[in-house]
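Residue numbers (our numbering), protein chains in the order written: chain Z, 18 to 189; chain D, 164 to 921; chain E, 2 to 236; chain W, 9 to 457.
Set out below in C-alpha cells:
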C-alpha cells in the first residue's frame, strides 16, 4: 500500500522492536528517516521515544484565551449594540458576561486541542504514507524511509538479525 | 357610473380575487358601495342607551370604519361601514356618569353575536322544535296583518303582547297598539321590582324604585339588596358607594348588610350579618323598635310609612330585640348596636330588594324597611332614598295606576293567565319581545302550555331562546346599537332624565326595529289602530314626543324644538335638575300583612331554604348568550361557563359533598343537578344558586349549559301582590357523584397551607 | 422627563363588580377560550379580581383585590426572556413585543403575580364577532405570551394628541379601559413622575402597600388597604 | 479464565459488529416505532398548537423541561466519570469509558432538543442564536436560556470529541480487517491513522487536555441548567443550593444510567469477560457515595426551607411533604435512597443484579426529582388565587417515552458500528509491568450475577 519508497521489518513484539531500532541506529540511519508504527502506544519502550515534546497544552491555553476574548466581546457587544434595559439590570451585566466568557473559553480550548491533534499527528491528510495492515494484528513496524539503494541489503540483514519476522521493501 | 355597474365590476374583480384568494370566501363576496363615508382608523363616539337591565345607563359607542359581511336587498356582500368597537359610559349622563357595569360592556356582543336571527323566519317544524325557514319581511308582515285583521271588536284579551317592562315612547307605542287592538300589553320580567314599587306607592305615594343617594350617606343598612351588583341602578349606586366610602375627607360611611349568604354586595360590607331568610321586615322593625324605645327619633317622623305598620304607635311591642333575635338569628346586642349606630350617624339609609321582597311576606318586609327609612328621616333627603321626579312625556309616568301595576306583575301572578287567556279562552294572537317567559317561569306553572295555548305566536326576538322557539313567526328586531332608543329611567339620578339615542351603526342583518314594525302594521291595519299610531317611523314618534317635552319643560334648554331634538341626540338625551319630586301622595290603606314568611315544602323533608340570586354576569339569564359574560369569572365563586350550588362548608362535610361534586337539589316541584360550590360564605341551612344558566335553547354559548333554579321554584306568590315569591321554596340536597366545576381562581380548598412549624 | 405610568387601587372602594375585567376584554382583543380550555387553565384575563375569605361562618370577612400586571421597575419577567420580547419601555412599562416572542414561557414562570397569559392556540372569533375587534390592538397568534399593557394604545393616542396640540398631557387625560370603567373609582391611573398627579398623591397615602413588595420587584401599582369604620365620632 | 492475547480480545470485541440477530432487529423496530410515534406527536403539537400539551397557567413548564433537566443530567454519566477516572489513572476504567461517553453524547443531544420542543413557536428557535440577523436584534445574554445555549454547545463539542478521539485507532483496526464498502467507510473515519509513536503520543496528550477541560464544562452545564430555575423569584427555586444540588443529582443519575447500559451490553453483546463484577462494584461504590450526597443535599434544602418558614416557600414545602405531591416525593426518596443505600452498602448485595436494581431505582427517582422541583413550585406561586395544578396529556407522555426509546435506539445502532469497549486502550493496559491488567484479572464468583 505504501506509495513511498521504503524498507521495513515487522517485529512480533516490543522487545524485538527495540532491538530492530538499535540495529538501525547502529547502521547509522538518521532518526528522522526511521519509520515506526504499532497498534498500541508502547510508551514505556525506547523505540517509541520519538519527540515527546509538544506545544499542545500551550495551544489549548491560547485557544482558550482567544475563545474567552471572543466570548467577552460577543457578550459585551450584543449588550451595547442592542441596548435594552431589562429588569433594572445594568447595560453590561457582569455575571452573564462572565458566564458566556467562561463557556466560550472552554469551547476555544477544546476546539484548538482537536485541531492541534489533527495537525501535529499528521491525521486527515490526502498524501499517502507507508503503512502495513499487519500492524493491526499486533505486529510492530520498524523501517527506513527512502534508503540509499546501496544500503538496502545491509539494512535488510540487520533488521532480520534484530528479529524481524519479515522484511518488506516498497518503491515509488 | 351607475351603482349597479359598479357592483357588477366589483363582483367581477371579486371573482378574480377569489382565484388569487385560494377560495377565501371573503374574496368571493361582492362589495357594496359604502353608505357613509368614514375616515379609516378615526374613532367617533356616539351616544346610546344600555338596554341590558332596567337601570337605563347612558353609553357612548366607539364607532370605527371596518368591513362587514352584511345583507343589502337580499344580497350578502362586504360593506365598508361604521362598526361599534366598544361601549363605555356616557360621562354626561346623570345616571352612570361615564361608568358601566360588566354587562354593559358586553352589550357589544349582542350586535355581533354569531347566532343572531338575520332575517324573518317562519316555523316549519313542530312548535318548540326550533325549525324555521327564512322568509321576506313583506311575507312576514302580511302574515301578521292577516292574523290581526279579523279582530273581534271588544273582546279584551284575544291578543296579548308580552315585553319586559318598557318606558318612554317605546312603551307608548306598544300600549297604544295593544289598546287599539283591544289587546293586553303584559310587562314581564323575573326580577321586575313590582313588590318594592308597590310598597313604595303605599308608603310614600310613589310607585317605582327609589334613587338612593349613597354618596352622602353615613350609614347604609341593606336588607338583601344587591345594590352594587344587579339591583335597581347598580352603576349609579356604585358611584355613590365609592364616594360614601372614600369620597369625603375624614368621612367614611359604614355599610351593614343583612342576608343569609354573601352576595357580591355583602362582600363589600363592613359588617355582613347573616340573617334567616324572610326575616328582614322583622329586623327592620326590630331596629325601629330600639330607636323608638330609646327615643332616638320621634315615632311621628315615620309618617305615612309608619302608619302602615300596625303596632307602630305602640312602639312595635312584637319586635323587641329578644323576639327578633329568635326569628332572625341576629343577636339582640347586634340589633341594638346597629340601631344606635344608624340613628347616631345620619344621614343613614335602609335599602331593601331582591330576595327579601320575594318572600311570601315580601310586601311586609318592604313596608317595614320603608318605615325604618322614614323613621330615620332619610326619605326625600340627601343621603337617603329619593324619588326622581316624573316628566310629562307621554308614557313615562312613574306613578302607575293600580291597573297598570297589576298588568306588570310577575310570572306567578294570575293576571298573566287572564291576559294571555281571559277565563279559559286562549288568545288568538300572542306577540313576544325579549320576554323569556318559558325560562323565567317555574316549571310548576307550565309556562310552555301557557304559551302553546295561543293560536298564533309572533316574536320580535333577536335570538331563538326558550320562548321564541315556540313562535310561529319571528320578526327579528335590530340590536340596540342599530336602532333608535329612548328611555326614561325611574331611578338612579336626582335629575329628571329622558334618554335618547339614534342608531350607532347601520344594521348588519335583514332586521327591523320593533316599534317601526308596529307602526308599519298599524298603517296596514288602518282604522283606529292607524289613528292611535299616527307616526310613520319610530324616530318620527320620538321627535313628536320630544316636541311635547320641549313645550312642557325644555324651553330654557334650547331655542326651538328642532334644536332641542338635535341636542338631545348629540348628548344622549335631556335631563334637568330643576324638576322637584312631586309631594308624597295619599297612601292606599292596606289589609294587615303576615310578618312571617311561609316556605313551600315542610322543613323535615326539605331542610334547606333555597335562595336563587341574580347573577352578576347573566342578570336574570337574559345575558347567558354572551361569550364575554360566560368567560368572565363570577366575582365570588370565580366560576366560568357554568352554574353552581352554594353550600356551607360544614353542611357539605356532613353531607359528604366535596367542591365540584354534582349534587341534586330537589324541591316539591322539581329537581335539578349542578356542581357544588363549598363555601363558608353562606348560612348552614341555606342553599343558593345563581340565575342565568340552564337554557334549553339560547344560542351556541348558553344552550344546555348548567341548570335553571327557576324551574324548581314553587308557584307561591307574595302576599298583597300577585308576583312570584321566588325565594320562598325549601329544598333537599344530596350528592350524586363526581362533578366538574370550572373556576378561574383556585378552588377554596387550595388556600395556602398554614405555615406553622410542624 | 419621560412619564412613569402608575396606578393606585383602593381596596376600600372596590366592590369586585368586574367591570374592569370585561372592559379589558373589549379593549384589548382578548379572545375567549371556551369551557374546555377554561377548565384547563387557559382562560385569559389580563386583569382579574381575586377574592379572599377570612374566617368562618358567621364571622366572615371577604376581600376583593384586582390584580393586573404591576409594571414592575425591577421586573423578574424581563431579563429571563432570551429574545427581548419582554423589555422595559422608557415610560416604565413592562413591554411585550408579541412578534418577537418565541414562547419559552419563562417570563410567566418568573412573574410572581401570574399576570402573564399564553396563547395555547390561535385565537378564534366566530363571525361576525370578529367585527368587535379593536383595530388599535394587535391580535396574538398561537405560542405567544400576552399581558396587560396599561392600554398602551390609549397612552400613545393621548400623547400624540397632546403633542399635536403642543401641550403636556393633563393628569387623568389618559385612562386604561379598566380605570375608565370602574364605577366606584377604585382605580386611579396617572404619571408617577409628576408628584402632584392624583396617582402620586394617593400612592403616598398611609394606606398604600405594594403587592408582594418584599420581592423587590418595585411594582408601579399601589394598593390602598381596606379601611375600617372609625365609629360615630366622625359623624 | 486465562488472560487473552490482544488478537483474541480484538476478535471478541469486534464480533458484535458482524451481523445482527432477529432479536436485535425486533428490538430496533420496537424502539424505532416509539420514536416515530413521538415525532408524530410533536408534529401534531406544532400543527395544532402547544395547547395540545397539558401545560397551563400557572404551570407553564411541565414534562418537557423535566425531561430537559433529566437528560442533561444523565449526560453527566460518561464524560465526567471517564474524565475523572482518566485523570486518576484508574486502570479499571478502560473497558468502561466508551460506553459511558456514548451515553453522554446521546443523552445530551436528546436533552438539548427539549428547549425547542417546549417552545410556543418552535419554528423560531433560531432566534436564540447570537447571529447578526437582518433584524438587527441580538439575543438577551442576561437570559439563563442563552447561558444554556452556550454551555450545552460547549459541552456537546467537548463530549463528542472526547468520545471520537480514542475511537480513531479502533477505526483503523476495523479498517485493516474489513473489506469492500465497510473498508472504505472505516478508512475515511479512521482519518489515516497509522499508529506512529507521534500519533500515539499526541492522542494521549490531547486526551489529557480534554479530560482536564471537560470536567469544569460538565459542572458548569448543570449549574446553568439549575440557574434556569434559581434565577426566577419562585418559591423553592430561588436558592443558592441549586447548582451543586443539580450537579450532584446529574452525576448520580449518570452513574445509574451507565450501570444499566453496561449490564445490558454485557448480557446482549456477551462481554461477560470484559465487563466484570469489579466494574459494577466500583461504580456501585461511586453510586453509593452519590446517593448519600444526594440525600445530604435534599436534607439541607428541606431544612433551610422549613427553618426559614417563609410562607410562600412553606406552602410549596407542605405540598410536596404532605400535600398533593407527597406520594411522588416519598417515592422519589425511596427510589433514590431507601432502595439503593442498603443494596450498595452491603457487600453481599452489591452484585451486578443488585447494582442494576439500585440504578433503575435511581433513574426513576431522579426523573421524579426534576419533576418535583419544577411543578409544585409553579403550581403554588405566591397568590393563592392563582394556584393551579398540572396533568400531562398523551402528547407529552408519548414524546417523553420517545426520548427513552431514542436513547435505546441510538445506543443499539452505535454498538453495531463501533466496538463499545476501546480495544487499543484495553490492550494498552500495562501488562508487562503489572502482569495482568486488573481488567483481566480473574475475579472470584464470576457467575455471581
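The beta-carbon is built from N, C-alpha and C at its ideal position, and this holds for glycine as well.
Computed from a predicted model, the values in this text were never measured in an experiment.
Quiz prompt | As assigned by DSSP and simplified to three states, the class of residue 579 of chain D | solution = Taking the second chain and counting its residues from 1, one reaches residue 579 of chain D at position 416. For residue 579 of chain D, the predicted structure reports a pLDDT of 42, less than 50, and the residue's modelled location is therefore unreliable. A value from the coordinates is still provided. In the structure shown, residue 579 of chain D sits in a helix (DSSP, three-state: H, G or I).
Practice problem: Give the residues of chain A in contact with residue 319 of chain W, contact being defined as C-beta atoms less than 8 Å apart. | Solution: Of the protein chains in this structure, namely Z, D, E and W, none is chain A.
Quiz item: Since residue 228 of chain W meets chain Z, which of its residues come closer than 9 Å, beta carbon to beta carbon?
Solution: Indexing the fourth chain from 1 puts residue 228 of chain W at position 220. Going along chain Z in sequence order, the residues near residue 228 of chain W (Cβ under 9 Å) are 116, 119, 120 and 123.
Quiz item: I think residue 875 of chain D touches residue 835 of chain D, with their Cβ atoms under 8 Å apart; what is that distance to the nearest whole Å?
Solution: For the purposes of this step, residue 875 of chain D is taken as the residue at position 712 of the second chain. For the purposes of this step, residue 835 of chain D is taken as the residue at position 672 of the second chain. Rounded to the nearest angstrom, the Cβ distance from residue 875 of chain D to residue 835 of chain D is 6 Å, consistent with a contact under 8 Å.
Quiz item: Mind checking if residue 18 of chain Z is an interface residue toward chain W, Cβ cutoff 8 Å exclusive?
Solution: Taking the first residue of the first chain as position 1, residue 18 of chain Z is located at position 1. Because residue 18 of chain Z carries a pLDDT of 42, less than 50, the predicted location of this residue cannot be relied on, and no value is offered for it.
Exercise. Could you tell me whether any Cβ in chain D is nearer than 8 Å to the Cβ of residue 85 of chain E?
Key: On the third chain, position 84 is the one that residue 85 of chain E refers to. So, not an interface residue.
Exercise. Check the DSSP bridge columns for residue 230 of chain D and list the partner residues they point to.
Key: As a position in the second chain, residue 230 of chain D is number 67, starting the count at 1. Residue 230 of chain D is bridged by DSSP to D:243.
Practice problem: Whole angstroms is fine: what's the gap from residue 653 of chain D's alpha carbon to residue 707 of chain D's? | Solution: Here the question's residue 653 of chain D lines up with position 490 in the second chain. Here the question's residue 707 of chain D lines up with position 544 in the second chain. The straight-line gap from Cα to Cα measures roughly 21 Å.
Quiz prompt | C-alpha distance - residue 643 of chain D paired with residue 477 of chain D, whole-angstrom precision | solution = To locate residue 643 of chain D, count along the second chain from 1; it is residue 480. To locate residue 477 of chain D, count along the second chain from 1; it is residue 314. Each residue's alpha carbon lies about 53 Å from the other.
Quiz prompt | is_contact[residue 148 of chain W, chain E] using C-beta, thresh 8 Å | solution = Position 140 of the fourth chain holds residue 148 of chain W. By this cut-off, residue 148 of chain W is an interface position.
Exercise. Return no unless some Cβ of chain D is closer than 8 Å to the Cβ of residue 63 of chain E.
Key: The residue you call residue 63 of chain E lines up with position 62 of the third chain. True, the Cβ-Cβ gap to chain D drops below 8 Å.
Exercise. Measure the alpha-carbon distance for residue 228 of chain E versus residue 207 of chain E and round it to whole angstroms.
Key: As a working mapping, residue 228 of chain E is identified with position 227 in the third chain. As a working mapping, residue 207 of chain E is identified with position 206 in the third chain. Each residue's Cα considered, the two are about 11 Å apart.
Practice problem: Thinking residue 229 of chain W and residue 125 of chain W are a contact (beta carbons under 8 Å), I'd like their distance in whole angstroms, please. | Solution: In the fourth chain, the residue the question calls residue 229 of chain W occupies position 221. In the fourth chain, the residue the question calls residue 125 of chain W occupies position 117. Residue 229 of chain W to residue 125 of chain W, Cβ: 19 Å. No contact.
Self-check item: Close-in-space but distant-in-sequence residues of the same chain around residue 475 of chain D (CB under 6 Å, 5 per side omitted)
Solution: In the second chain, the residue the question calls residue 475 of chain D occupies position 312. Closer than 6 Å at Cβ, skipping near neighbours: 469.
Self-check item: Helix, strand or coil at residue 379 of chain D [DSSP, three-state]
Solution: Along the second chain, one-based indexing puts residue 379 of chain D at 216. Residue 379 of chain D: helix per DSSP, three-state reduction.
Self-check item: Assumed close pair residue 111 of chain E, residue 98 of chain E - CB separation to whole angstroms, cut-off 8 Å
Solution: Sequence index remark: in the third chain, residue 111 of chain E carries index 110 (1-based). Sequence index remark: in the third chain, residue 98 of chain E carries index 97 (1-based). That belief does not hold up - the Cβ atoms of residue 111 of chain E and residue 98 of chain E are roughly 17 Å apart, past 8 Å.
Self-check item: Interface partners of residue 340 of chain W on chain Z, CB under 7 Å
Solution: Within the fourth chain, numbered from 1, the residue matching residue 340 of chain W stands at position 332. Those within 7 Å of residue 340 of chain W in chain Z number zero; the least Cβ separation is about 30 Å.
Self-check item: the segment 195 to 214 of chain W contacting the segment 133 to 148 of chain Z, beta-carbon criterion three pairs below 8 Å
Solution: yes
Practice problem: Can you give me the Cβ contacts of residue 62 of chain E inside the same chain, cut-off strictly under 8 Å, excluding the 5 residues immediately before and after it? | Solution: Stepping through the third chain from its first residue, residue 62 of chain E is reached at position 61. So the qualifying residues of the chain are 54, 55 and 56.
Exercise. In the DSSP assignment, find the alpha helix (DSSP H) that holds residue 701 of chain D and state where it starts and stops.
Key: Here residue 701 of chain D refers to the residue found at position 538 of the second chain. Note, residue 701 of chain D: alpha helix (DSSP H), 701 to 715.
Quiz item: So what does DSSP say about residue 356 of chain D, is it helix, strand or coil?
Solution: Position 193 of the second chain, counted from the start, is the residue given in the question as residue 356 of chain D. Residue state, collapsed to three classes: coil.
Quiz prompt | CB contact check: residue 97 of chain Z to chain E, cutoff 8 Å | solution = Working through the first chain from its first residue, we reach residue 97 of chain Z at position 80. Not closer than 8 Å to any Cβ of chain E, the Cβ of residue 97 of chain Z fails to qualify, so no.
Quiz item: Shorter than 8 Å from the beta carbon of residue 161 of chain Z to some beta carbon of chain W?
Solution: Indexing the first chain from 1 puts residue 161 of chain Z at position 144. So no, residue 161 of chain Z is outside the interface.
Quiz item: Which chain Z residues are close to residue 89 of chain E, counting only those with a beta carbon under 9 Å from its beta carbon?
Solution: As a working mapping, residue 89 of chain E is identified with position 88 in the third chain. The contacting residues are 101, 102, 103, 104 and 105.
Quiz prompt | Under the three-state DSSP convention, the category residue 210 of chain E falls into | solution = By one-based count along the third chain, residue 210 of chain E stands at place 209. Looking at residue 210 of chain E - three-state DSSP - the assignment turns out to be strand.
Practice problem: Using a Cβ cut-off of 8 Å (strictly closer), state whether residue 405 of chain W contacts chain E. | Solution: For this step, residue 405 of chain W is matched to residue 397 along the fourth chain. Closer than 8 Å: no.
Practice problem: Could you name the residues that DSSP lists as bridge partners for residue 252 of chain D? | Solution: Start at 1 with the first residue of the second chain, and residue 252 of chain D comes out as number 89. Residue 252 of chain D pairs with D:222.
Quiz item: So which residues of chain W does residue 105 of chain E contact, with C-beta pairs closer than 8 Å?
Solution: Translated into positions along the third chain, residue 105 of chain E becomes position 104. Near residue 105 of chain E (Cβ distances below 8 Å), the residues of chain W are 123, 126, 127, 128 and 153.
Quiz item: Where does residue 603 of chain D fall in DSSP's three states?
Solution: Counted from its first residue, the second chain places residue 603 of chain D at position 440. Coil, per DSSP.
Quiz item: When we look at the beta-carbon of residue 46 of chain Z and count the other beta-carbons within 10 Å, is it buried (16 or more) or exposed?
Solution: As a first step, residue 46 of chain Z must be located in the first chain, where it is residue number 29. Buried is the call here.
Quiz prompt | Sequence-distant residues of its chain with Cβ nearer than 8 Å to residue 70 of chain W (five each side left out) | solution = Taking the first residue of the fourth chain as 1, we reach residue 70 of chain W at position 62. 61, 62, 63, 382, 383, 398, 400 and 404.
Quiz item: Are residue 74 of chain W and residue 378 of chain W closer than 8 Å when you measure CB to CB?
Solution: What you label residue 74 of chain W is simply residue 66 of the fourth chain in a count that begins at 1. What you label residue 378 of chain W is simply residue 370 of the fourth chain in a count that begins at 1. With contacts defined as CB atoms closer than 8 Å, residue 74 of chain W and residue 378 of chain W qualify as a contacting pair.
Quiz item: What are the boundary residues of the alpha helix (DSSP H) that includes residue 237 of chain D?
Solution: Taking the first residue of the second chain as 1, we reach residue 237 of chain D at position 74. Here residue 237 of chain D belongs to no alpha helix (DSSP H), and DSSP marks it neither H nor E.
Quiz item: Does the segment 38 to 46 of chain E come close enough to the segment 29 to 39 of chain W that 3 or more CB-CB pairs lie under 8 Å?
Solution: no
Quiz item: In terms of alpha-carbon separation, which member of D:245, D:646, D:327 and D:656 lies closest to residue 665 of chain D?
Solution: Looking up residue 665 of chain D in the second chain gives position 502. Residue D:646 is the option with its Cα nearest to residue 665 of chain D.
Exercise. Could you tell me the boundaries of the alpha helix (DSSP H) in which residue 97 of chain E lies?
Key: Working through the third chain from its first residue, we reach residue 97 of chain E at position 96. Element bounds for residue 97 of chain E: not the alpha helix (DSSP H) but the beta strand (DSSP E), 95 to 97.
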